[in-house]
Amino acid sequence: MNRPLDLGVPEEFRRPRRLDVLIPTRNRPAELAVTLSGLAAQEGVPDFGVVVSDQSDGDPAYAHPAAATMVRALRHRGHPVLLTRRLPRRGLAEHRAYLLDRSAARYVLCLDDDVWLEPGTVARLVTAIRELGCGFVGNAVHGLSYADDVRPETHGHYEEWQGRPVPERIRPGTPEWQRASIHPAANLLHVTEKLRLPAGAWRAYKISWIGGCVLYDRAKLVDSGGFEFWRRLHERHQGEDVAAQLAVLERHGGAGVLPSGAYHLESPTTVTERDVEAWEVVVTEPGAPQPA
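Quick note on UniProt numbering: the sequence shown kicks off at 1 and runs consecutively.
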């Protein structure tokens, strides 16, 4: 029988450290346990913390014995964990803004609650953002049920950065927007296999946006507005990560990192009310820069 789980104290958690992982979750106890297990197996970044914010309809997902065990495993390995609830729900962007405000870390990894990270992934992302000096780097998630579904027509959208990423202004309808077609299914996995990188090597490539596993320089994310645009959105939205990344790309640049160690659990979405694309509202509202 599981004993009561210590939720942590926000004031004690919010301290300067190298990295915090921010996980929003809702109605996904099994998936959250898998996501936390991936974090518990990470090495090479000894000082990261984890914040989980739950918006489940019933008991919080972290109260499930499997998830609770992974919380305890993370703490046993020296990683502080803060467990919170954010109710009532005000939309995905507000939830991410809330999570961001729980952290004072140098970097923040926005990790979805249905992504498993293979060992070494977090260390590689931290290495990449430090060397590249941009606003964010990310690992697109692989859908392994598509491992045999090769789509060579998408591979041409893969383009590596030569040197550090530079700021880019990317909008729908531009050729750069099509870069996102490299990320669905297992497309990036197939590109990676063709490159035959030596062990330990990684590459930075050009993106329009990337979902599921994104590491931000927290100061640069905040400088670009963070997720504060939630106040201008209807709560039934999606694409809040895209909206934030377009802003960071324009000010500070960003990149995808290959190989990706992020694997999508391919569970049904818990975001069923998607009336509004957050990025569409943010980039087209009065005063926002428009495509040339």
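Ideal Cβ positions, reconstructed from N, Cα and C, are used throughout, including at glycine.
Query: From which residue to which residue does the beta strand (DSSP E) around residue 315 run?; Result: No information on residue 315 is available, as it lies outside the stretch 1 to 292 that the chain covers here.
Query: Can you tell me where the beta strand (DSSP E) holding H64 begins and where it ends?; Result: Careful: H64 lies outside any beta strand (DSSP E) and carries neither H nor E.
Query: Can you tell me where the alpha helix (DSSP H) holding V248 begins and where it ends?; Result: 240-252
Query: Suppose only complete runs of 3+ residues qualify. What are the beta strand (DSSP E) ranges in the UniProt domain "Glycosyltransferase 2-like" (21-145), listed by chain order?; Result: 48-54, 81-85, 107-111, 115-117, 136-138
Query: In the DSSP assignment, the alpha helix (DSSP H) including A219 goes from what residue to what residue?; Result: 218-223
Query: Could you spell out the range, first to last residue, of the alpha helix (DSSP H) harbouring H155?; Result: 152-155
Query: For L215 and V137, which I take to be in contact (beta-carbon distance under 8 Å), what is that distance rounded to the nearest angstrom?; Result: 5 Å
Query: Taking just the CA atoms, how far does H76 sit from E280?; Result: 43 Å
Query: Out of H142, P175, I170, which one is the CA nearest neighbour of D266?; Result: Before going further, note that residue 266 is Glu rather than Asp in the sequence given. Among H142, P175, I170, the Cα nearest to that of E266 belongs to H142.
Query: Looking at the unbroken beta strand (DSSP E) that takes in H264, where does it start and where does it end?; Result: 262-264
Query: How is A288 classed by DSSP in three states: helix, strand or coil?; Result: The pLDDT assigned to A288 is 47, lower than 50, so where the model puts this residue is not dependable; a value taken from the coordinates is nonetheless given after this. Correct three-state label for A288: coil.
Query: Using the three-state DSSP reduction, which class does L258 fall into: helix, strand or coil?; Result: strand
Query: Counting beta carbon pairs with one atom in the region 152-161 and one in the region 189-206, are three or more of them shorter than 8 Å?; Result: yes
Query: For L7, which residues from the same chain have a beta carbon less than 6 Å from its beta carbon, with the 5 sequence-adjacent residues on both sides left out?; Result: L83
Query: Expressed to the nearest angstrom, what Euclidean distance is found between the alpha-carbon atoms of V34 and Y263?; Result: 11 Å
Query: Ends of the beta strand (DSSP E) at Y205?; Result: 203-205
Query: Looking only at its own chain, which residues have a Cβ that is under 6 Å from the Cβ of P289, when we skip the five neighbours before and after it?; Result: In this predicted model, P289 has a pLDDT of only 42, less than 50, meaning its place in the structure is not dependable enough to derive any value.
Query: Looking at the structure shown, is V276 part of a helix, part of a strand, or coil, going by DSSP?; Result: strand
Query: Could you give the first and the last residue of the continuous alpha helix (DSSP H) run that contains V191?; Result: 187-195
Query: Which class does R18 belong to by DSSP, given the choice of helix, strand or coil?; Result: coil
Query: Is the separation between the beta-carbon of D20 and that of V126 shorter than 9 Å?; Result: no
Query: Do you know how far the Cα of V222 is from the Cα of R86?; Result: 21 Å
Query: Let's see if you can read the secondary structure: which residues bound the alpha helix (DSSP H) around P165?; Result: Per DSSP, P165 belongs to no alpha helix (DSSP H) and is neither H nor E.
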